[in-house]
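In the working numbering, the protein residues as written are 1219 to 1454. Just so it is clear, CB atoms sit at the ideal spot from N, CA and C, and this is done for glycine as well. To keep things clear, I will list the structure first and then write my remarks on it.
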């Protein structure tokens, strides 16, 4: 295989995909091989090149699709709402509840939330989609004294920020945040449908009530780097 040939194919397909809606199906290896008169190895290398450029996304068992990478902006001036932040980036958000249950706060989460170890809380596990492409996974803890019943609410309203405002009568603001690039745990790797050796964005965030300063939510969110670019704005 001549190295430049698969790059030429990748450049041609990339130009054709420019402006295509996110989630549009991309030609398969077989279709590319037939169209350009090359072997499957060259077609596969061209698709891998497009994937490395973050222009396409391969979905196991479904095919290859046009990818769209958004800027996910973290700022104290913006509400700590995943759904609203994605909409502000010009994309369509969707979240799926994978688990919601009452639990005792682990030591680390309790310290962040300024509650005693083992204090009652709700733990919410969600999977995130942007323009119907899988992008993230989160674990979120809300103390029971803030919102006693989260289960029914999250099945009616997707945005936890909206639930806290409407049901708990608080105004969440981002009080603390840490962004890192890390290998996710096995459960998250499976939930993100990525390889175990590939690091992802990890955003740990604490929200407090703007009026009382009381912590109301602590979250850990893992995001695929081919779906989101994390942008942190420091307000001076």
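Distance between residue 1383 and residue 1429, taken at the CA atoms: about 12 Å. Every alpha helix (DSSP H) stretch that sits fully inside the region 1290-1324 and reaches 4 residues is listed by chain position as 1300-1306. Taking 8 Å as the upper bound for CB-CB distance, residue 1394 and residue 1435 are not in contact here, some 11 Å apart. The DSSP-derived three-state label of residue 1222 is helix. Using a C-beta cut-off of 8 Å, the region 1395-1414 makes no contact with the region 1325-1338, since fewer than three inter-stretch Cβ pairs fall below that distance. A direct Cα-to-Cα measurement between residue 1232 and residue 1308 gives close to 21 Å.
Going by DSSP, residue 1378 is part of the alpha helix (DSSP H) stretching over 1378-1385. For residue 1293, the closest of 1257, 1302, 1287, 1286 by C-alpha to C-alpha distance is 1302. Residue environment: residue 1353 is assigned as buried (16 or more neighbouring CB atoms within 10 Å of its CB, all protein chains considered). Selection 1357, 1404, 1433 evaluated against residue 1389 yields 1433 as nearest (Cα-Cα). Under the 8 Å Cβ criterion, the region 1271-1289 does not count as touching the region 1314-1329, having fewer than three qualifying pairs.
Bridge pairing for residue 1398: 1420 [DSSP].
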